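All letters in the sequence shown, in the order written, are residues 2 to 313 by the working numbering. C-beta: ideal position from N, C-alpha, C; glycine also. Just so you know, these numbers come straight off a predicted model, no measurement behind them.
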Amino acid sequence: MDKYYAPSGKFDSKAILYFILISVIAMPLLGLAYSYAIWYIPIIYLNFIIAGAIGFTIAWLVSKYVIKIGKVRNKTLAIIFALLASSIALYSAWVVWVDLVLNIGESYGNSTIGIAASNVDINQLYVLATNPLTLFEIIANINEYGTWGIKSATVSGTFLTIIWILEVVLIIGVTLLLTNGSRVPFCELSNKWFDSKNLPAFDAIDNGPELIKAIENGNPTAFNSLTLATKADQDHSVFTLYSSSNNENYLTINNKKAKYNKEGALSFDDTLLVENIYLNNELKDKLVNFKPATQPIVDNEETLEEPQIITE
């Protein structure tokens, strides 16, 4: 038995079908929504948030329908799907946005903030979408003269190009970062994704290399030094157990370091210790049925999350 899970590189033909469906339906609609949103919300900072939200949505659609249902066990193919989907959404957004510029109408607002009414023309959308050279020529002209400004200065040229590049990088970057379905183990015998279970939080792991070596060797005492975390705001570790119907198990461990920002809000920095390491049944049973020597006392106001079972 290999010590770590390795994807087979296979995929179901349904992955191609679902990718085509979201490419011709969902991605153009996302591009339409994005263009209208940034057109009628003339606040550049909010536009970056909207771009991130679009990237998140693309990643969710690709992970949910293409990778999960299409049973994609190939990381490279998953990345290609994510890149293509985000590129189609971006191209659609450019088509819609350029058409909004071409059909710009009356402006509303004041010297501080304002918007220009516009709407798309279906025939023009078709022409722009099917003539990329014309589309990019118009984009180049828009870049030279600009269509909006900050205070009294029109944004154009290099500065506008930088903003456009940042939006593109944000959308594609978020999509790639969150498209991770292919990292979940897949059982080739049952033709199903492994079930995942988040175990109760343990104290942060300080002896990572030693623990990993013990798990690799199937050492029955590998988890003897573990202790349950007692507070929700402390440094802790998250153990994610993947199990198949054929009694095969893999484990992923993350350390989470607690920190507070200036406003006192709690967040955690994640450090991956090990991903998809093979776990024999003895060690799996010890984790699932883990019982501390003494019952941990949890803060009255801060409680740790209960174990969650998620079917991938």
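Asked	Found
Determine the direct distance from the alpha carbon of P8 to that of S14, and round the result to whole angstroms.	17 Å
Measuring alpha carbon to alpha carbon, tell me which of L171, G53, A16, A118 ends up nearest W98.	A118
Between the alpha carbons of L136 and L126, how many angstroms are there, rounded?	10 Å
In the DSSP assignment, find the beta strand (DSSP E) that holds S238 and state where it starts and stops.	237-244
Can you give, in chain order, each stretch of the beta strand (DSSP E) that sits fully within the stretch 138-213 and has at least 3 residues?	149-151, 154-156, 196-199
I need the boundaries of the alpha helix (DSSP H) containing I23, first residue and last residue.	It is not in any alpha helix (DSSP H) - I23 carries neither H nor E in the DSSP assignment.
Within this structure, are the beta carbons of A205 and N256 separated by less than 8 Å?	yes
To the nearest angstrom, how far is it from the Cα of E217 to the Cα of L179?	28 Å
Where does Y261 land, buried or exposed, given buried means 16+ other C-beta within 10 angstroms?	exposed
Assuming A202 and S238 make a contact with CB atoms under 8 Å, what is their CB distance in whole Å?	7 Å
M28 and A86: beta carbons closer than 8 Å?	yes
To the nearest angstrom, report how far apart I105 and W95 are at their CA atoms.	15 Å
Hey, V1 and Y243: beta-carbon distance below 8 Å or not?	This structure cannot speak to residue 1, because the chain is shown only from 2 to 313.
How long is the line joining the alpha carbons of I311 and S197, rounded to whole angstroms?	Note that I311 has pLDDT 46, beneath the 50 cutoff, so the model's placement of it is unreliable and the number below is only indicative. Rounded to whole angstroms, I311 to S197 spans 5 Å at the Cα level.
Can you give me the C-alpha to C-alpha distance between N225 and F187, rounded to a whole angstrom?	29 Å
Mind checking whether T278 and K11 have CB atoms under 8 Å apart?	In the sequence as presented, Thr is not what sits at residue 278; that position holds Ile. For I278 and K11, no; Cβs fall outside 8 Å.
Helix, strand or coil: how does DSSP classify I70 here?	coil
Do A16 and G71 have their CB atoms nearer than 8 Å?	yes
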